[in-house]
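Numbering (the working numbering), first residue to last: 14 to 385.
Step one of this worksheet: look at the structure below.
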């Protein structure tokens with residue numbers, strides 16, 4: 014119905030003014046319009062790693078965006094189903110994540126904020142891409158092992174194998190490619206561990222362009238400026254919402270008491286003095302990374318201040334910094350949680366904008382493959 018409406022809607026053309034003299038022509042090159050897409054799974058309340066990594070970067074992208082840029086930030090519900098979820102908890106987490114995105118500073122008037130599962134074109138395009146993506150390319154994707162190991166509380170990735178792998182988890186990079194290319198995104202901000210998925214999205218877009226019609230721009234990867242935050246209990250892996258150990262992560266909703274308790278219990282080592290050594294001293298390096306990110310300092314400069322201090326001093330200062338950083342968004346999050354009608358309206362408007370924005374892409378795709 015929405016698609017029919019779009020077909021009937023008149024095309025509005027912007028008025029153009031021409032000058033009669035070539036002396037008035039500008040020699041400046043107009044900056045390329047950016048379409049930025051990124052998503053986050055509603056598998057739990059955002060944690061400190063999400064906040065210091067993707068989410069703060071999203072807010073900065075929104076602040077720095079020009080009037081011509083389009084920013085789309087999605088809660089990717091379909092991706093969350095690749096691992097077992099409690100339906101009631103997933104429903105709550107889905108709403109809470111929207112509140113969290115607004116609490117950290119994303120503005121629905123400046124960005125399109127929406128639930129992926131409320132735009133049917135994501136799964137439609139994913140199926141098209143599944144039909145042209147070689148299985149060999151998916152076998153080279155490695156992130157499923159870490160996700161499966163984390164969800165099963167395994168000691169390392171060697172404890173999981175393909176016998177534990179479901180089809181959804183194996184093929185979710187194809188859906189991720191559809192998420193990105195559906196909006197003809199030009200830039201995608203993701204962590205280093207997701208970079209290979211952007212390469213796959215580029216490959217799939219290129220396959221479609223060559224096999225059918227030149228439809229999709231090939232998106233560029235935007236590196237996040239903050240190093241990834243590791244688990245407080247197992248600093249060999251990143252902080253994760255899906256880890257069974259709640260003490261391994263600091264949540265946006267954690268109280269000051271809970272934050273301090275978790276940081277006091279963070280894994281470090283018995284070596285005297287503090288140095289930034291992300292290879293041999295993972296726990297201490299992780300705490301220094303968190304502190305540097307909270308205070309917006311260089312991690313090596315931060316480390317110098319603790320060369321003659323102990324882990325207790327470092328943990329106290331990290332706790333102080335995290336408490337201060339999360340105080341405002343936590344308060345705003347709790348307020349927004351009580352505004353369910355407002356959240357529902359934001360979700361509805363976001364879904365309408367995202368669906369309308371991507372309708373033309375799906376028309377192009379259907380025509381190119383012969384289904385229109």
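We treat Cβ as the ideally placed atom computed from N, Cα and C, and that holds for glycine.
Since the structure is predicted, the reported quantities are computational estimates derived from the model, not experimental observations.
message: Under 8 Å, with one C-beta from each stretch per pair, do the stretch 316 to 335 and the stretch 70 to 82 reach the 3-pair mark?
response: no
Q: Report the rounded CA-to-CA distance for residue 308 versus residue 381, giving the unit in angstroms.
A: 51 Å
Item checked: DSSP bridge partner residues for residue 87 (one or two, in chain order) -> 52 and 127
**Q.** Neighbour-count burial assignment, residue 129, 16 or more Cβ in a 10 Å radius
**A.** buried
query: What number of angstroms, rounded off, separates the C-alpha of residue 94 from the C-alpha of residue 136?
result: 13 Å
- Message: Using only CA atoms, which one of 372, 233 and 283 lies nearest to residue 210?
- Response: 233
Review point. Quick one: what's residue 251 bridged to in DSSP?
Key: 243
Would you kindly work out how many angstroms separate the C-alpha atoms of residue 331 and residue 207, rounded to a whole number? 27 Å
- Message: Using a Cβ-Cβ cutoff of less than 7 Å, which residues in the same chain neighbour residue 39 once the five nearest sequence positions on both sides are dropped?
- Response: For residue 39, the predicted model reports a pLDDT of 40, less than 50, meaning its position is unreliable and no value from the coordinates is stated.
request  = Using 10 angstroms around the beta-carbon of residue 89, count the other beta-carbons present and answer buried if the total reaches 16, otherwise exposed.
outcome  = buried
**OP:** Mind checking which residues open and close the beta strand (DSSP E) that includes residue 10?
**Re:** Here the chain covers residues 14 to 385 and nothing more, so residue 10 does not appear.
**Nonlocal neighbours in the same chain, by C-beta distance under 7 Å from residue 225, ignoring five residues either side** = 381 and 382
Exercise for the section: Tell me whether the beta-carbon of residue 292 lies closer than 8 Å to the beta-carbon of residue 305. Expected result: no
Does the Cβ-Cβ distance between residue 114 and residue 86 come in under 8 Å? yes
(Q) Can you give me the C-alpha to C-alpha distance between residue 146 and residue 215, rounded to a whole angstrom? (A) 12 Å
Requested in this report: Just confirm the distance between the C-beta atoms of residue 196 and residue 53, as a whole number of angstroms; I'd bet it's less than 8 Å.
Outcome: Between residue 53 and residue 196 the Cβ distance is about 16 Å, and since that is not below 8 Å, they are no contact.
* Asked: Could you give the C-beta distance for residue 177 and residue 161, rounded to a whole number, given that I count them as a contact under 8 Å?
  -> 6 Å
Worksheet item: Taking C-alpha atoms, which residue in 252, 116, 248 and 123 lies nearest to residue 66?
Response: 252
(request) Using the DSSP secondary-structure output, state which residues sit across from residue 60 in a beta bridge. (result) 264
Would you report the Cα separation of residue 99 and residue 56, rounded to the nearest angstrom? 10 Å
Which one of 124, 342 and 371 has the shortest CA to CA distance from residue 84? 124
### Query
Do you know whose CA, among 353, 256, 140 and 376, lies nearest residue 112's CA?
353
query = How about the stretch 356 to 369 and the stretch 333 to 343: do they share at least three Cβ pairs that are nearer than 8 Å?
reply = no
Practice problem: Keeping to the same chain, check which residues put their C-beta closer than 7 Å to that of residue 119; ignore five residues upstream and five downstream. | Solution: 71, 72, 75, 86 and 126
Under DSSP, the beta strand (DSSP E) around residue 234 begins and ends at which residues? 233 to 236
For residue 375, count neighbouring Cβ atoms within 10 angstroms of its own Cβ and tell me buried if that reaches 16, exposed if not. buried
In whole angstroms, what separates the C-alpha of residue 274 from that of residue 259?
12 Å
Handout entry: Candidates 373, 357 and 45: closest to residue 199 by CA position
Key = 45
Report task. Taking only the alpha-carbon atoms, compute the straight-line gap between residue 186 and residue 192 and give it to the nearest angstrom. Result -> 10 Å
>> Rounded to the nearest angstrom, what separates residue 320 and residue 285 at their Cα positions?
In response: 9 Å
Discussion item. Using a Cβ-Cβ cutoff of less than 7 Å, which residues in the same chain neighbour residue 150 once the five nearest sequence positions on both sides are dropped?
Written reply: 213 and 216
Task: Sequence-distant residues of its chain with Cβ nearer than 7 Å to residue 385 (five each side left out) - done: 376 and 379
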